[in-house]
Structure formats: C-alpha cells, structure tokens
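Engineer: So the sequences go chain by chain: E, C, D and V. Add 92 to the 1-based position in the first sequence for my numbering, that's all there is to it. Add 92 to the 1-based position in the second sequence for my numbering, that's all there is to it. Add 92 to the 1-based position in the third sequence for my numbering, that's all there is to it. Add 92 to the 1-based position in the fourth sequence for my numbering, that's all there is to it.
Number of protein chains: 4
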Amino acid sequence: MTKVLSDKIRVAIAGATGYGGLELIRLVSQHPQAQITYLASVSSAGKRLEEIYPHLAEIGSFDSTLQPLEPKAIAKAADIMLLALPAGKSAVLIPQLLDAGMKVVDGGPDFRLHDASAYPRWYKFEHPAPELLKEAVFGIPELHKEAICKARLVAQPGCYATAAILALAPLAKAGLIEPEIIIDAKSGLSGAGRTSLSLPYHFTEAAEDVSAYGFPAHRHLPEIEQELGLLMSGAFEITFTPHLVPTIRGIFATAYVGVERSAFSVQRPVEPTILQTMKAFYADSPFVHVSENLPHTKWTSGTNHAFLSARVTPDGKRAVLLSVIDNLGKGLSGQMVQCMNLMFGIDEAAGLEARAVYP
Amino acid sequence: MTKVLSDKIRVAIAGATGYGGLELIRLVSQHPQAQITYLASVSSAGKRLEEIYPHLAEIGSFDSTLQPLEPKAIAKAADIMLLALPAGKSAVLIPQLLDAGMKVVDGGPDFRLHDASAYPRWYKFEHPAPELLKEAVFGIPELHKEAICKARLVAQPGCYATAAILALAPLAKAGLIEPEIIIDAKSGLSGAGRTSLSLPYHFTEAAEDVSAYGFPAHRHLPEIEQELGLLMSGAFEITFTPHLVPTIRGIFATAYVGVERSAFSVQRPVEPTILQTMKAFYADSPFVHVSENLPHTKWTSGTNHAFLSARVTPDGKRAVLLSVIDNLGKGLSGQMVQCMNLMFGIDEAAGLEARAVYP
Amino acid sequence: MTKVLSDKIRVAIAGATGYGGLELIRLVSQHPQAQITYLASVSSAGKRLEEIYPHLAEIGSFDSTLQPLEPKAIAKAADIMLLALPAGKSAVLIPQLLDAGMKVVDGGPDFRLHDASAYPRWYKFEHPAPELLKEAVFGIPELHKEAICKARLVAQPGCYATAAILALAPLAKAGLIEPEIIIDAKSGLSGAGRTSLSLPYHFTEAAEDVSAYGFPAHRHLPEIEQELGLLMSGAFEITFTPHLVPTIRGIFATAYVGVERSAFSVQRPVEPTILQTMKAFYADSPFVHVSENLPHTKWTSGTNHAFLSARVTPDGKRAVLLSVIDNLGKGLSGQMVQCMNLMFGIDEAAGLEARAVYP
Amino acid sequence: MTKVLSDKIRVAIAGATGYGGLELIRLVSQHPQAQITYLASVSSAGKRLEEIYPHLAEIGSFDSTLQPLEPKAIAKAADIMLLALPAGKSAVLIPQLLDAGMKVVDGGPDFRLHDASAYPRWYKFEHPAPELLKEAVFGIPELHKEAICKARLVAQPGCYATAAILALAPLAKAGLIEPEIIIDAKSGLSGAGRTSLSLPYHFTEAAEDVSAYGFPAHRHLPEIEQELGLLMSGAFEITFTPHLVPTIRGIFATAYVGVERSAFSVQRPVEPTILQTMKAFYADSPFVHVSENLPHTKWTSGTNHAFLSARVTPDGKRAVLLSVIDNLGKGLSGQMVQCMNLMFGIDEAAGLEARAVYP
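#1: Is V:P249 near the ligand GDP, with its Cβ less than 7 Å from a heavy atom?
#2: Got a sec: is the Cβ-Cβ distance from D:I128 to anything in chain V below 8 Å?
#3: When the cut-off is 8 Å and only beta carbons count, does C:L97 lie next to chain V?
#4: Quick check: what's the CA-CA separation for V:D198 versus C:E272?
#5: So D:R341 and D:S282 are supposed to be a Cβ contact under 8 Å. How far apart are they, rounded?
#6: If contact means a Cβ-Cβ distance below 7 Å, which residues of the segment 149 to 173 of chain V contact chain D?
#7: Could you pull out every residue in the same chain whose Cβ sits closer than 8 Å to the Cβ of V:V96, ignoring the five residues on either side in sequence?
#8: Between E:V184 and the rest of its own chain, which residues show a CB-CB distance below 7 Å, the 5 nearest in sequence each way excluded?
#9: Assuming contact is defined by CB atoms lying nearer than 8 Å, are D:A169 and D:A256 in contact in what I supplied?
#10: Comparing alpha-carbon positions, which option in C:H123, C:G107 and C:K100 lies nearest E:G443?
#11: On the three-pair Cβ rule with 8 Å, is the segment 348 to 361 of chain V touching the segment 378 to 394 of chain V?
#12: Against chain E, with Cβ distances strictly below 8 Å, would D:S136 count as a contact?
#13: Which residues in chain E sit within 7 Å of C:N385, going by Cβ to Cβ distance?
#14: Anything in chain V within Cβ reach of E:H294, meaning under 9 Å, just list it in chain order.
#15: Could you work out which residue in D:L386, D:E143, D:A375 and D:G180 is closest to D:P233 when comparing CA atoms only?
#16: Just list the residues that DSSP pairs V:S401 with in beta bridges.
#17: So is D:A247 buried or exposed if we call it buried at 16+ other beta carbons inside 10 Å?
#18: With 8 Å as the threshold, decide whether the Cβ of V:I343 is near any Cβ in chain E.
#19: Could you pull the DSSP bridge partners for D:I232 from this structure?
#20: Would you call the CB atoms of E:E352 and E:L268 closer than 8 Å?
#21: For C:F332 versus C:I417, is the C-beta spacing smaller than 8 Å?
#22: Once DSSP output is grouped into helix, strand and coil, what is the label at V:H147?
#23: With respect to the alpha helix (DSSP H) encompassing C:I438, which residues constitute its N-terminal and C-terminal limits?
#24: Check V:Q125 in the structure and name its three-state DSSP category.
#25: Considering only the beta carbon of each residue, do E:L413 and E:A259 sit closer than 8 Å?
#26: Beta-carbon within less than 8 Å of D:L424's beta-carbon, same chain only, minus the 5 sequence neighbours each way: which residues are those?
#27: Just checking: is the beta-carbon of D:I101 within a distance shorter than 8 Å of some beta-carbon in chain C?
#28: Would you please state the rounded distance, in angstroms, between the beta carbons of E:V337 and D:K278? I believe it to be under 8 Å.
#29: Got a sec: is the Cβ-Cβ distance from E:P338 to anything in chain V below 8 Å?
#30: Would you say V:R140 reaches chain D, if we count a Cβ-Cβ gap shorter than 8 Å as a contact?
#31: Please report how far the alpha carbon of D:G231 lies from the alpha carbon of D:F154, in whole angstroms.
#32: Evaluate D:G193 with the Cβ neighbour count: other Cβ atoms within 10 Å of its Cβ, from every protein chain shown; 16 or more gives buried, anything less gives exposed.
#33: Taking the Cβ atom as the reference point for each residue, do D:L189 and D:A167 lie within a distance shorter than 8 Å?
#34: With 8 Å as the C-beta to C-beta threshold (strictly closer), list the residues of the segment 302 to 322 of chain C near chain V in chain order.
#35: Using the C-alpha atoms, what's the distance from C:Y211 back to C:P160?
#36: Smallest Cα separation from C:D407: which of C:S288, C:F217, C:P361 and C:T129?
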C-alpha cells in the first residue's frame with residue numbers, strides 16, 4: 093500500500109547540491125501536494141543548502157540542512173526518494189531504499205538499461221542489482237504511464253534520450269519510418285553538471301563556440317535503441333551526434349528519417365499525416381506539444397514541457413523531426429517529478445504547470 | 093468597497109504582448125488567489141496570445157484572446173488592471189479605469205512622479221491627470237506598504253529606481269550617509285522591451301559588449317531623487333550611470349556613498365552597523381534579503397527577490413552598497429503583483445514565492 | 093591584361109556598412125599587397141565610416157568617406173570591386189563594372205548559380221545578365237583554383253554552402269559516399285547581417301535559444317547541389333537543415349553520409365581512409381585543416397581557416413563529417429580576398445594568415 | 093647595446109599555454125619586425141603548441157615545441173622575453189634573464205610596485221629582487237614612453253589598472269579633479285586565465301550573471317594609487333570595485349570624480365575642457381582614442397586600442413570618465429608588445445595596427 097499521507101507526499105532528494113538536485117528542490121518546494129523532508133548530499137552533509145546556493149536564503153519552507161545518505165533515516169523521513177547522482181552511485185543505494193519500503197525515481201543511468209551486460213560496456217561497472225533492471229520502469233510517462241503508476245522504481249532517461257525518443261516514438265510505433273535514423277542533438281552546458289570542473293565548460297572556452305563530442309558512441313545511445321526497439325517492427329540503426337552550444341539550458345534534437353512510402357498516398361499526404369500522428373500520440377499529455385511551428389529551446393526553459401514539429405523534404409522521401417526540451421526539466425528533474433506524481437496517483441502535472449520564464 | 097470575490101481576484105492585463113505583460117501573465121496565471129479575466133493589447137487585439145508566444149500553446153487556464161483596450165469592458169470583467177504600457181499611454185486610460193471603480197497598478201512612468209511639471213521635462217508630455225499624481229502611491233511595498241494597502245492607484249517604479257532605492261533607503265532614513273550619492277547600474281537587455289527593434293539590442297551588437305548610455309540625465313533619476321528626498325534630512329546629489337551588459341535579465345546596482353562618520357564609533361563599527369541597519373529595515377520583507385554575501389543577478393532571475401550587501405573601505409569613509417533584482421521581476425511585473433496582493437488584503441507573497449530557475 | 097600595380101591592388105568595396113563589407117575593410121586595410129581606394133554605400137553615401145563604426149576612428153590608412161555606387165568612378169579608382177550586397181543588387185551593377193574593365197568578386201548570390209531559371213524560383217527575380225552566369229566562377233579556391241586565377245568574375249558561395257561543400261567534396265569526388273546526404277548546420281547570428289532589424293535576432297530572443305529555420309528549402313541548397321553535382325557520379329539527394337545558435341560568428345556543419353562499402357576493405361579501413369582522402373584533397377590549401385580532432389567554431393573566429401574532421405559509425409556504414417568556418421571569414425569576406433589574391437596572381441594567403449583571436 | 097638584428101627582434105615567450113601567452117604568440121607571429129624564437133611553458137614543456145591549441149595547427153611560422161624555462165637557453169635564442177606568468181613566478185626568473193643580457197617585459201605583477209614592502213601585503217611573498225623594483229618601468233607607454241625606450245625591464249600593469257589609469261591620468265596631471273576617486277570596473281571572464289578551473293567562471297554560473305568581487309581591496313588598487321600618486325598634487329583616495337560580466341574579453345571602467353571647480357569658468361566650461369584635456373594628453377598615441385562617443389568594449393576586442401569619453405553632471409560638479417580596453421590587448425599582451433617595440437626603437441604600433449574583429 094502506498095504511504096500517501098493525508099496531506100503531502102514526503103520527498104527525499106539525493107545529490108542536492110548538483111544542478112539536477114537543485115532543480116528537484118525548486119520543483120518539490122513549490123509542489124502543492126509534496127514536501128521536502130530529507131535533503132541528502134555526500135559531499136556537503138552538515139552544511140546548509142544556502143551556504144552553497146545563497147539565492148535560497150531564508151527559504152523556510154523546508155529544513156535546509158544537508159544530511160548524509162543513510163537509507164534507514166531516509167526511509168523514516170520520506171515516502172519517496174528522488175536521486176540525482178553520478179553513474180554507479182545509486183545502483184548500490186536503491187536496493188536498500190526499496191527494501192525499506194520506499195519508492196524511488198533515479199535520475200542517473202543505473203537502472204535505465206534492462207540488459208545488465210550493457211553496464212560494463214557503457215558505464216564501466218558490473219551492475220550490483222541486475223534483478224532490479226527488469227523491474228525498473230523507463231521513466232517517460234508518455235510511453236510507459238501505466239507501468240510508472242504501479243512502479244516502485246522508475247529510471248529517468250538521459251536528457252538526449254528523452255528528446256530523441258519523444259520525437260521518434262510516434263512514427264516508430266506507427267510504422268511510418270525506415271530503419272536508418274540519424275539524431276543530431278544540440279545541448280546547453282548545464283548538462284555537464286556542477287560538481288566536476290572542466291576547461292571546455294568554462295565561459296571563455298564555451299561562449300562563442302559550437303562543438304561536437306562523445307560520438308559515434310555516446311552513452312545515451314543504448315537507451316534510445318532499447319526504447320525504439322520496443323516500437324519498431326524490425327532491425328534499425330541509429331547515428332547519434334551530440335553537440336555543445338553556448339546556452340545554459342535546452343536540448344534541440346533534430347532527427348532525420350526516411351519515410352516509409354507505402355504508408356502514404358495522395359489521400360494521406362506525408363507531412364500532414366506525420367504531424368497528425370505525432371499530435372494523436374501526445375493528445376493526452378499535458379507536456380508534449382506538437383504543431384507546425386518550428387520550436388525554440390527557449391520555450392521550454394525551466395519547465396517540463398516539450399515542443400515537437402516536423403518537416404518533409406519536397407520529394408516526400410525524408411522527414412526531419414524537431415524536438416526541444418529543457419535538459420534539467422523534461423530532460424531530468426521535471427520528468428522525475430512527473431513520474432513521482434503518477435506513482436502516488438495524483439495529477440501528473442501537479443507542481444509542473446509553469447511555463448517558461450521568457451525571455 | 094473592494095470587489096474582492098469570494099474566490100479569486102479578477103485581473104486585467106494591458107500590454108500583454110510586451111515582456112512586462114508576458115511576465116504579468118506568467119505570474120498571475122500561477123497565482124493561487126488571482127485569475128486573468130481580460131488580456132488587452134493595442135497592437136494585437138483579435139489575435140490569440142499563443143500566436144505571438146507559441147510557448148503558451150494549450151495553456152488553457154485563461155482565455156488567450158487579446159482584447160482591445162476598452163475601459164468599460166475591462167471594468168466589467170476585472171477588479172484590477174495591471175498595465176505594462178509605454179510612457180504616456182496609461183495617463184489617459186487610468187482615470188477612466190478608476191472612474192469605473194477599478195484598482196490599478198501602472199507599470200509605466202505616468203504616475204510615478206508627484207510633480208506634474210516633471211513630465212514635460214522628462215517624458216515630453218503634459219500630464220492629463222495631474223490631480224491623480226498626488227493620489228498615486230509609489231509602488232515599493234518595503235517603503236509604502238500602508239499606503240499601498242489602501243490605494244486605488246499604485247505606480248510601479250522604474251527597474252533601476254527599485255534597485256537603487258532598495259540599496260539606499262535604509263541608510264538614508266537612518267542618517268548614516270553623506271549627501272553625495274553615486275549609482276553605477278548594470279542592466280540586462282530585456283529592459284528595452286520587445287516592441288521596438290533597435291540595432292544596439294541585436295545579438296551581434298550586444299553580445300560580447302559592455303556600454304554606458306542615457307546619462308548624466310536618465311529618466312529614472314527624478315524618481316530616485318523623489319523617494320530618497322522623503323528619507324534624507326537635507327539636500328543631496330545623485331550621479332546615476334546605467335550600463336548595458338549581455339544578459340537577458342537582471343539589474344546590478346552599485347551605490348557609492350560617503351559614510352556619516354559622526355554616526356559611528358568603536359562600539360558601533362561602520363560595516364557591521366550598515367549591514368545591520370539594512371537587515372533591520374527589511375526584516376519583515378519576504379523578498380529583500382540582506383547578507384554579507386556579495387550578490388549575483390542570477391540569484392534573482394525570474395523572481396521578485398532582491399539581494400543586498402555592503403562593504404566599507406578600509407579607512408571607514410565610504411560604503412559600497414550592492415543591490416540585485418530581476419528587472420522584469422522586482423523591477424516590474426513581480427512587484428506589481430506584490431502591490432496588487434496588498435491592495436486586496438492578501439499575503440503580499442502570494443504567487444511570488446518562487447526562487448530563481450538556477451543555473 | 094590585369095592592371096596589377098607596381099605596388100598594390102586597388103580595391104573598391106561595396107556594401108561597406110554591413111558586416112560583410114566591414115570585414116572586407118578590416119582584411120583589405122591590413123593586406124600587404126592591396127589597398128582600399130573606394131568605399132561604396134547606397135544607404136550612407138556622404139557619411140564617414142567612423143560615424144557608423146566608431147571603433148574605426150583615426151584609422152587613417154584609407155579615405156573613410158562613403159561614396160555612391162557609380163561604376164565609372166569606381167572603375168577609375170580601383171582594379172577590383174568586392175561586393176557585399178543583398179540578393180539582386182549586384183546583378184545589375186556587375187555587368188557595368190566588367191564592361192569598365194574591372195575584376196569583380198561578388199559576395200551575394202547573384203552569380204552563384206549557373207542556371208538562370210533558378211533565380212526566379214529561389215531569389216524571386218529574373219536574372220538581368222544570364223550570359224554572365226556561365227562565365228562566373230564559383231569562388232571556392234580549393235575546388236576551382238585554376239578558373240579563379242583567370243576569372244574576371246567570381247561568385248562567393250553562401251556561408252552554409254562553403255562549410256558543407258568543403259566537408260563533402262573530397263569524398264564525393266573519390267566516390268566514397270552514397271547519394272543520400274544530410275547536412276545539419278548550426279550558425280551564429282551575424283549571418284543575418286546588420287542592415288535589417290528583426291525580432292528573432294534580438295539579444296533577448298536569440299540568447300539562451302536554439303532553433304531551426306528556413307527548411308526544407310533553404311536558398312543555399314541549390315548551390316550545394318550544383319557543386320556536388322560536378323563531383324558525384326550519379327544522382328543524389330540532399331536534406332539541409334540550418335539552425336541558429338547564440339554565437340556571433342561561426343558555422344558548424346555536420347554532414348551524414350552512407351559509406352560506399354565497395355570502396356573499402358580490411359586493408360583500406362573506413363575511417364582512416366576517409367580522413368586520409370580529405371587530407372590529401374586539401375594538402376595544398378593553406379586554409380583547410382583536416383585532422384582527427386573534433387573541431388570548434390571558436391578555432392576559426394575572425395579568420396579564413398576551416399577545420400574538418402570525420403567519424404565513422406562502429407558498423408562502418410555511415411560517416412559523420414564535421415566542418416567549421418567563420419561565416420564572415422571563409423564563409424564570406426575572407427574567401428573573397430583569397431579569390432582576389434588568386435585573380436591578381438599573388439599568394440592566395442596574402443593578408444589572410446591570421447589565426448583566431450582566442451578565446 | 094641593444095642586440096637589434098639586421099632583420100627581426102627575436103622574442104621568447106613564457107607562459108605560452110595561458111591566454112596571455114597565447115595572445116602574445118598571436119601578436120608576435122604576425123609582427124613584421126619580430127619573430128618567435130623560444131616558447132616556454134612550465135606545465136607543458138615537450139608538447140607542441142597545437143596539442144593544446146589545435147587552431148594553431150600547421151601554423152609553420154615558428155617552432156611550436158614548448159621548451160622548459162631555462163634562462164641560459166632563452167638568452168641564447170632570444171633578444172627579449174615576454175612573460176605571462178602567475179604572481180611570484182617571474183620575480184626569481186627575471187634577474188637571471190637580465191644578467192644574461194636580455195630585455196624583459198613582465199606581464200605579471202612582480203615588478204609593478206616600486207615599494208618592496210607592498211609584496212608581502214598584496215601578493216603574500218617576500219620580493220627576492222627588491223633592487224630591481226626601482227629600475228623596472230611601469231609599462232604604460234602613454235605615461236612613461238621615454239623610460240620604456242631605455243628600459244631593460246618593463247612591468248605591464250594589471251588590466252584594471254591600465255583602463256583606470258588611462259581614464260584618470262590626464263585630469264589628474266592637469267589638476268582638474270578632486271581627491272576622492274571612485275572606479276567601478278566591469279570585466280569579461282578571460283581575465284581569470286585558463287590555467288586554474290573555478291566554478292564561478294563556468295559557463296553555467298557566469299552566463300546570465302553579473303557580480304562584484306575582490307573589494308574593497310583588490311590587488312590592482314596599489315598600482316593605480318602608485319601611478320596616480322605621480323600625477324596628483326596632494327593626498328587622494330580611491331574606491332575600486334571590480335565586477336564580472338558575461339563577456340570573454342573587455343574591461344569597461346567607469347570613474348567618478350569631483351570636478352576641481354576653480355579650474356573652470358564660463359570661458360572654460362567643464363565638459364568640453366575635460367574632453368579637450370584628455371584628447372591633448374593622448375594626441376600622440378596611436379592607440380588611445382578620446383571622443384564624445386560613449387565607448388563599447390566591443391570596439392577593442394582583440395586589439396591594443398583604448399577608447400575614452402567623459403560626461404559631466406548638469407550641475408558641473410562631477411565628471412564620469414569612461415574607458416574601455418581589451419583586457420588581453422591593451423590590458424596585457426598588446427601593451428607588452430607596444431613596450432617591446434619602444435625598447436627596440438621601432439614604431440610603437442608595429443604589429444598592433446589591427447582594429448577589432450567586429451561584430
């Protein structure tokens with residue numbers, strides 16, 4: 093039985109001093125049906141949050157003291173834990189949290205891939221809890237809502253994966269695309285996090301620059317393959333190239349796919365059908381908006397919203413799918429809260445209605 | 093009698109397509125005790141808001157059709173109007189709104205200055221409603237809370253004025269500073285608004301640039317003089333230099349003042365006393381935070397919060413006061429909502445609790 | 093006979109107040125073998141350049157008075173004219189300059205396409221000098237050096253076209269790629285020029301944003317098709333998507349191509365062979381640098397240099413080609429000067445040796 | 093005897109991998125009368141420069157192998173050494189270079205202050221060569237040209253100091269200002285260098301932010317006091333507040349000074365006289381431009397130029413002086429080359445004529 097309180101969901105947050113944790117704090121502290129009851133930080137336990145983030149001075153709505161990562165204390169204080177930890181850190185912790193009766197949403201990669209053998213290859217560690225990989229639900233509510241509602245453990249996808257999968261899922265499921273898929277993604281710099289300092293992310297290096305990195309084998313590729321594999325009818329190939337652009341937030345994913353010509357006709361023209369298929373797929377989602385408008389990452393800043401569009405080449409042979417999200421919103425902390433909402437049977441949009449701070 | 097509804101304050105917004113109006117829409121649409129009931133736009137009446145701002149697609153919580161600026165229709169639909177219009181536009185409109193029984197918060201300069209003769213000089217128009225200049229309350233709640241609570245008409249200060257006055261008011265009132273005041277302000281580019289296009293605000297010109305403009309006689313100077321004049325005991329002089337820096341939002345005001353040496357002593361050292369005086373002045377404000385931490389504009393982004401600090405030169409002769417706000421938050425739309433809250437007797441922080449979207 | 097002076101090439105520049113013209117002024121004013129002898133501006137004739145660009149105050153090395161666009165006066169004053177004018181403006185002017193015995197490098201699109209019928213379709217004007225379209229040489233020296241050396245009229249390609257063609261030409265010529273080509277390009281904002289103001293290019297809108305625009309049928313597509321058509325052996329298809337990213341300068345082109353598998357073998361592995369083919373193609377160019385390093389647009393800022401690299405997917409089926417240039421350098425004014433150098437028989441790198449102002 | 097070669101000045105550069113060193117490399121490699129003959133790096137000796145800065149691939153005009161910091165080898169290879177090292181590093185090295193007969197321009201602070209006792213206080217080290225502090229010439233040619241021409245050792249001022257001194261020197265010398273001076277400076281982020289990584293300089297923290305730091309006692313203050321002390325007739329006080337703004341390069345210094353009223357009259361009005369005094373002071377400098385135009389940091393990007401202006405308050409009591417430079421240009425490496433030119437009796441502008449890469 094879910095420990096839903098008479099009043100509010102009691103939420104523990106791990107990795108509170110990183111950008112993902114900070115965004116979780118912002119969202120949960122404003123959530124009408126949830127409250128922060130435990131803030132955990134490995135590196136800063138004992139400090140107060142406002143020592144690290146002075147803009148949270150006098151926030152008052154929760155105890156800002158950072159606690160150690162102790163499963164028993166956490167389970168006592170909270171109904172659910174939202175984790176924003178580096179790869180490999182939560183794989184050990186989460187079994188203990190589950191055993192103590194908690195629900196968990198993991199923002200890291202440790203439970204995204206169903207295949208345990210993928211972890212040594214992509215993340216350089218042997219998975220310590222392979223049996224949970226089957227139980228863990230991939231945390232995109234627009235694809236796995238029913239399972240998330242019942243889940244103990246939800247694994248938030250990578251930010252690139254969320255953007256790409258949102259664009260491709262409707263057409264993959266409808267059998268409208270050919271099996272050669274190209275994803276060209278452009279990301280802001282907050283995706284690199286706050287904890288580790290690195291020259292390429294310094295202002296002087298990153299401003300006035302565009303670059304590509306981490307391909308042809310980026311870590312988000314196997315989860316995109318896993319999820320599209322559930323929707324595509326046959327074999328397929330993905331080429332994925334991530335780029336860095338000088339914004340703080342935002343992912344812009346441009347996907348190029350061949351159009352499955354047999355699925356279209358004069359009565360069923362390519363571009364309108366593709367857009368209509370995408371709209372229908374997301375008709376019930378309060379967060380995914382499909383339209384003819386070419387999207388801007390600025391539309392998503394600070395929010396859990398995604399904007400999609402599509403164009404087809406004049407010869408009708410190839411579709412260009414566009415998908416924008418905030419990498420810390422729908423790409424991480426926002427979607428984690430969306431999953432939490434579903435896991436507790438409340439409105440999935442609770443606490444997430446805000447639109448972008450614009451401009 | 094205030095037309096407080098049993099449920100929510102009915103709010104009309106003018107200038108809905110500019111950045112100030114857009115921020116009002118964002119804030120009121122999330123406000124737990126207020127609702128948008130009328131969106132007015134001179135330039136875009138008849139259109140829907142999402143045609144101009146696609147990121148508001150499917151927002152649903154209010155009618156997004158932009159209406160003409162018709163006082164009678166507005167008075168019928170709303171209890172209060174929040175106006176974000178260019179200088180000179182609201183001076184004619186507001187008397188009609190007041191006559192129709194509405195409350196008004198004016199985001200423009202038309203009712204900020206109590207002296208009608210200042211308008212031809214600073215704003216190049218003869219004021220059409222000089223009798224209202226005495227009634228209008230200068231809209232900084234931390235200075236004029238009582239009057240705002242009773243006001244029909246509140247005039248929101250300029251963004252630079254808010255930042256500068258917040259820094260200087262406590263020391264001016266306490267008689268701790270000498271009469272020669274220097275204000276060096278740095279502003280992001282959203283202060284220029286969205287409506288009029290101008291080369292200096294183009295990305296290619298503004299990015300990677302810092303410049304000064306509009307001095308020694310910027311329009312925000314007389315309102316700073318007016319408000320400090322209520323607090324200073326004698327004559328004083330202000331030198332005010334605004335600068336543009338390549339950020340979207342944020343004002344950083346650095347004020348330099350001589351310290352009134354007779355007010356301090358070994359038992360009453362300069363820097364701690366100054367900080368303590370500032371803290372005490374804002375002890376009851378949920379939005380103005382004073383500390384030893386040197387503030388960052390990023391702390392305020394998208395919020396109604398202000399962060400203040402101070403340093404004193406080693407010889408104890410001069411104080412440097414630092415003040416940061418979001419020019420569209422505490423500098424405009426946020427503070428307008430704060431005033432509205434007070435005018436309707438609800439918690440001044442209602443709908444404004446959010447902290448910065450960070451980073 | 094070329095009017096090579098005993099000392100320096102006399103250069104006229106048209107469109108001197110736009111960003112392309114300004115860059116031409118910067119480059120020619122520092123050129124050891126050329127000198128500015130005529131600055132033409134339609135909009136600002138009669139003014140002095142430093143009234144528009146105060147950073148050129150006291151420059152002294154040429155007469156900064158802006159002159160009208162008068163072919164006879166220009167031909168008297170200069171040996172060559174470099175034009176940075178909007179589409180359609182130079183098509184009328186250039187025949188007169190040629191008739192007067194001048195050489196011409198046109199920075200605009202009016203003479204890029206050999207097929208006159210393309211102009212009504214892509215540029216909405218009937219070409220007034222179709223006979224010159226055959227004579228005009230497409231101005232990428234790495235592809236057409238010999239023709240440029242002998243040319244009276246050179247047409248500088250579009251910035252996107254230069255970036256894309258540089259990446260694709262070596263493999264297209266070597267028959268190593270399949271005929272389905274995808275070009276995903278990211279551009280800084282100076283490509284939009286200085287003359288026309290537009291909301292999407294305002295700092296507040298463009299900063300912290302990424303967007304796509306102008307596809308599936310961007311104007312640079314036909315020139316890419318024209319040039320690759322000279323190199324590819326059969327029919328081919330290009331999908332081209334330009335994006336805007338918040339930098340002032342820089343184009344990053346990512347091209348995705350299928351690998352022609354029959355051209356490779358164990359002895360001739362895909363990725364090394366592709367890189368080697370690209371290196372060999374540009375072995376004699378002082379400006380195009382091919383390496384294993386993933387390139388950054390910052391490396392090209394303010395220069396005529398291009399940096400290329402490539403990666404192949406693990407299955408060896410698809411290549412990702414990366415190409416970076418400065419849109420105002422190799423993408424416009426720098427390459428125009430490079431062509432000018434060749435047209436006058438001097439070192440193609442003269443005046444263009446500078447590396448990026450970094451960071 | 094100066095070892096001027098028949099052809100070119102042989103230049104050694106220390107700290108070649110930092111931003112200051114990189115800018116020295118850029119400038120000297122393009123210098124018509126100087127050549128790089130020794131590149132030294134403590135941290136990267138043995139590597140090639142293009143391994144660290146790939147945009148310098150195939151540069152070819154000098155040997156790009158980074159050498160250790162060995163005075164004898166340096167003295168053999170070069171006539172002068174330009175050092176861009178952290179505080180304390182060159183104080184030990186420079187005596188050896190001088191003993192070996194070299195000329196030296198030090199970009200760091202080790203020889204800026206004439207008073208040895210200032211070093212423990214401001215830089216936390218006991219000066220190892222106090223006798224050289226008297227010989228070292230403060231490297232602003234507009235103030236100390238004659239001494240620089242004869243110097244063995246020139247100490248480049250800090251970037252803030254150069255900007256502030258250029259603004260204040262003419263009026264200080266002419267006795268036109270009162271002794272209370274306020275300097276409010278705004279700097280881009282490259283001033284922090286490349287070597288040490290620091291969270292506040294990460295893109296995500298620094299973009300969309302303005303902050304103040306390092307006051308009331310910044311290290312550049314004593315050198316400003318030292319230099320103005322040579323020009324002011326009596327005691328004076330400086331308040332100096334540096335700010336960080338999100339640009340890569342550029343310093344904007346705004347100085348506030350009381351006007352010495354006795355020096356002005358109806359026949360000698362304040363603002364024109366001040367501007368005229370500044371213009372006259374810099375009449376012979378090819379790099380310092382004084383005008384009525386309010387300056388922009390963008391005008392200086394990548395150059396050795398400075399732009400100054402001034403405004404006076406309507407009551408004529410206070411002047412606002414504006415000064416912009418590139419912190420890596422006139423603020424560091426550019427001015428070092430300017431000094432080198434003078435030390436070798438060549439045109440001080442040689443190799444430094446370039447204007448900004450704009451926009």
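For each residue, glycine too, the CB sits at the ideal point set by N, CA and C.
Structural biologist: Here's the rundown:
#1: No copy of the ligand GDP occurs in the structure displayed, which carries no ligand at all.
#2: no
#3: At C:L97 the pLDDT is 49, less than 50, meaning the model places this residue with poor confidence; the figure from the coordinates comes in the next sentence. No - not a single Cβ of chain V is within 8 Å of the one on C:L97.
#4: 40 Å
#5: 5 Å
#6: A149, E150 and I151
#7: Residue confidence for V:V96 is low, a pLDDT of 44 falling below 50, so the modelled location carries little weight and cannot support an answer.
#8: P220
#9: no
#10: C:H123
#11: no
#12: no
#13: P146
#14: L281, A284, R286, L289, S290, Y293, H294, F295 and A298
#15: D:A375
#16: V:L414
#17: buried
#18: no
#19: Looking at the DSSP assignment, D:I232 forms no beta bridge with any residue, so it has no partner.
#20: yes
#21: no
#22: helix
#23: Per DSSP, C:I438 belongs to no alpha helix (DSSP H) and is neither H nor E.
#24: coil
#25: yes
#26: G112, E115, A176, G199, Q248 and C251
#27: no
#28: 7 Å
#29: yes
#30: no
#31: 27 Å
#32: exposed
#33: yes
#34: V302, S303, A304, Y305, F307, P308 and A309
#35: 27 Å
#36: C:P361
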